[in-house]
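Working notes, beginning with the structure itself.
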Amino acid sequence: MAYYRPYHPPADPALVRTLTQQQHDMRQQQRLEPLTASPKLIAGLDSSFPTEDTILSVIVVLTFPELQLVEKVYNYGPVDMPYVPGFLSFREAPNLLLAYEKLQHRPDVLMVDGHGYAHPRRMGIAAHIGVLLDMPSLGVAKQVLTGQHPEPEAAPGSRAPLTDKKTGELIGEVLRTKDRVKPVFVSPGHRLDQATATELAWRCTRGYKLPEPTRLADHWAEQFKKEIR
DNA sequence: GCGACAG
DNA sequence: ATCTTGTCGC
C-alpha cells in the first residue's frame, strides 16, 4: 500500500552537525539501568500540530498499575524547528517541557510518543526528555526509525527484538499489543532498561494498540485542540 | 552511489 | 504530524 514514501526536504547541513553533536553530548548523561521501585504514577507525553507553525503538547498522569487518570495538562505554542528524521526532539521537546512545568503531580516514569534508545545515535525524544529532566523514561513508537526485526507472534504480549543491522546490538523491542494490528516499538530512554520498558508498556496496555499513557495523551490532544479556539 | 527516514 | 472517502468487522 505504501506506494509513495515520504519525502523529507534537505536539512541545513550546519544545523544537522550542531544537533548531532548535541545528541552525542547528551548521550554521555544517559543511563540505562533496572528501575528500582515500582512506579506509582506514570505520565504519557504526546504532541500534535494544529497549524504548521504551532504545537500542542499534552501530558497525562495515570496511577500505576490501575491506570486511572489523575491529571492532564497542555501547552500550546509556536514551533520554529522543521521536522527532520532523527531530530524530532528538537522540534517537540521544548514545548513538552513547558507543559511538564504545569504539572501538579510528580510522575515516577515518562512514556513518550516516539523512540528512546532505538535511534541512530541512541537519543530519541524519549531519551532526550528523560536526560533533560533526569527522570526514568521510555519511548513507544508506531513506526520504526532505525534497526531491523522479525515479526512478533500474533498473540498479544508477543515480543521480537529490534536490532542494529551493523552491530547486532539490541536497541528496542517490537511489542504486539493487539491482535491483528501492527505492533509498537518500545525502547528505554533514561534510568530504566529494555526489560523494564517493555514490561511497563505491556502492563499499561488495555486492548488498544497504544498503551494507556500515550493513548490518552493523544486523545486529550484532540479535546484541547478545540479549547484553543 | 542507493535506500531509509519517529512525529 | 496533517489531510481525507469509503469500507470492513465486531
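Using UniProt numbering, the letters of the first sequence map in sequence onto residues 1 to 229.
Idealized CB from N, CA, C, for every residue including glycine.
Asked, Found
"On the three-state DSSP scale, how would you describe R27?", "helix"
"To the nearest angstrom, report how far apart A37 and L88 are at their CA atoms.", "30 Å"
"In three-state terms, what does DSSP make of D113?", "strand"
"What ranges does the beta strand (DSSP E) occupy inside the region 144-209, keeping only unbroken runs of at least 3 residues that lie completely in it?", "159-163, 170-175, 184-190"
"Can you give the beta carbon distance from A126 to L138, rounded, assuming they're within the 8 Å contact cut?", "6 Å"
"What number of angstroms, rounded off, separates the C-alpha of A14 from the C-alpha of T20?", "10 Å"
"Assign Q23 to one of two classes, buried (16 or more other C-beta atoms within 10 Å of its C-beta) or exposed (fewer than that).", "buried"
"Going by beta-carbon coordinates alone, are R27 and R122 separated by less than 8 Å?", "yes"
"Output needed for P120: all residues of its chain with C-beta closer than 8 Å, excluding positions within five of it in sequence on either side, in chain order.", "G86, L145, T146"
"With distance defined between alpha-carbon atoms, name the residue in A118, Y83, S158, K40 nearest to H8.", "Y83"
"Which complete alpha helix (DSSP H) runs does the region 64-148 hold, if anything under 4 residues is left out?", "88-101, 125-133"
"Is the region 207-224 touching the region 176-187, taking contact as three or more C-beta pairs under 8 Å?", "yes"
"Compute the Euclidean distance between the alpha carbons of A43 and I228, then round it to the nearest angstrom.", "22 Å"
"First and last residue of the alpha helix (DSSP H) that includes D218?", "212-228"
"For A11 and D80, what's the separation of their Cα atoms in angstroms?", "13 Å"
"Which one of W202, Q68, H190 has the shortest CA to CA distance from residue 238?", "Missing from the structure shown is residue 238; the chain here goes from 1 to 229 and no further."
"Could you give the first and the last residue of the continuous beta strand (DSSP E) run that contains P39?", "Unbroken run through P39: none, as it is neither H nor E."
"Whole angstroms is fine: what's the gap from L35's alpha carbon to L45's?", "20 Å"
"Return helix, strand or coil for A2, following the three-state DSSP convention.", "Caution is warranted here: a pLDDT of 40 is assigned to A2, below 50, making its placement in the model unreliable, and no coordinate value can be reported."
"Can you give the beta carbon distance from L69 to L62, rounded, assuming they're within the 8 Å contact cut?", "6 Å"
"How is L15 classed by DSSP in three states: helix, strand or coil?", "helix"
"Among E173, L97, T51, which residue has its Cα nearest to the Cα of D134?", "L97"
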